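Right, one structure below, let's go through it.
Residue numbers (our numbering): 409 to 817.
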């Protein structure tokens, strides 16, 4: 292992601009030997956005290049000491790690740190818990939270003395308090799973009552503009905000294009390293995706890593059993797209940053993801073509399934 002490840099100031966040944090990440440092910085940008969504302001970043994270303390001992000293001197409230920490890593790091720890999974769970509105979403998040806590209980308690057993002063060894807590949490997990099964049955009945309508689902990475597009198409008022996971509950609206009705659903956004607990808990919510006839995959074209975001969404769709659905790719936020123009005397091969929007439209990105469209939901650019294309796809599915249908189109 070797430490890279030159990779630390102050994090960008919070862009929220609305009130002062209540906690200050440092971000910690390991840069693998085969990983591009720029990619690591972009991952930390996403982690900072997650922290900002949870009202935490990142004040500094710590990175270290290692073959893989240390199984004991995630980073090297020297780097851990450097982080702890900085947190002590600057009175930092929380240290956030860009990977999920194991229970043993958490215990070992807590011994050195003067403040509390969050890993990426815990941070996402906290955001989900604060964003859940309906009883269904709250039940799903509570289940994921308990499943995350269960193997980590030993790190939460310092009073692990055995309880007294028997009726006299010489009672048996009894049961450890942590064992009692584990049993309580397992019982709660079982109860939440039963609650979800009951709600799932109700929602399955609701979906079965929707009749012969074609189903279209908006999918994509978190914060790419799905809810904004949903509001434009369905003329609805789905909550949309420039923060991660603004939408947790699936919203379904009936839409009519030229007397052709169909159902449009807005789903929870995906993200890199989405916690397994959340994928399991939200599988029932993602039934809307699995049962859809057409997926509208929304992509933030202005994001520097939009190609990787596309790959993350495709992989998640495969994991939930929706990888074989027909997909209409929508490159959103063309109004926010920027590029760096190459100098005329620069003979190096152009990179993705040097491609203009017109270059992208002519590149493999458009050719390999047909059908696709470039638009801006916020600026309402190219929406008419999007409406025409979507109408044609829904009409084709509808005509193929119900050739003697009485809908007029």
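Note that beta-carbon positions come from the ideal geometry of N, C-alpha and C, so glycine has one too. Since we're looking at a predicted model, the values are computed, not measured.
Per DSSP, cross-strand counterpart(s) of residue i
i	result
residue 593	None; residue 593 has no bridge partner.
residue 432	465
residue 621	In DSSP, residue 621 forms no bridge with anything.
residue 628	706
residue 661	672
residue 527	505
residue 437	471
residue 554	None, per the DSSP bridge assignment.
residue 457	For residue 457, which the question treats as bridged, DSSP gives no partner whatsoever.
residue 478	482
residue 678	629
Nearest candidate by alpha-carbon position, reference residue i, set the options
i	options	result
residue 659	675, 666, 631	675
residue 641	466, 479, 790	790
residue 500	460, 643, 521, 484	521
residue 806	637, 623, 787, 776	623
residue 515	507, 560, 430	560
residue 486	512, 793, 517, 697	517
residue 442	476, 537, 723, 587	476
residue 558	587, 537, 795, 540	587
residue 717	628, 542, 537	628
residue 752	766, 743, 762	762
residue 726	703, 478, 496	703
residue 706	519, 738, 482	738
residue 529	512, 506, 543, 546	506
residue 711	592, 450, 606	450
residue 778	792, 756, 801	801
residue 783	444, 766, 775	766
residue 667	799, 497, 432, 460	799
residue 459	713, 540, 599, 430	430
residue 523	537, 539, 432	432
residue 545	595, 484, 694, 445	694
residue 602	547, 643, 589	547
residue 643	633, 634, 444, 661	661
residue 373	795, 599, 553	This structure cannot settle anything about residue 373, because the visible part of the chain is limited to 409 through 817.
residue 745	714, 757, 756	714
residue 457	496, 535, 498, 512	535
Cβ distance (whole Å) where residue i is taken to contact residue j below 8 Å
i	j	result
residue 471	residue 448	6 Å
residue 678	residue 630	7 Å
residue 527	residue 508	5 Å
residue 785	residue 733	Actually they do not touch by this definition, with Cβ atoms about 22 Å apart.
residue 696	residue 625	6 Å
residue 531	residue 462	6 Å
residue 743	residue 787	4 Å
Whether residue i touches residue j by CB criterion (9 Å)
i	j	result
residue 736	residue 781	yes
residue 494	residue 473	no
residue 604	residue 671	no
residue 698	residue 728	yes
residue 466	residue 434	yes
residue 503	residue 525	yes
residue 621	residue 683	no
residue 597	residue 543	no
residue 708	residue 741	yes
residue 455	residue 479	no
residue 764	residue 747	yes
**OP:** For the region 761–803, list the beta strand (DSSP E) runs that are entirely contained and at least 3 residues long, ordered along the chain.
**Re:** 780–782
Original post:
Can you give, in chain order, each stretch of the alpha helix (DSSP H) that sits fully within the region 698–750 and has at least 4 residues?
Top reply: 714–727
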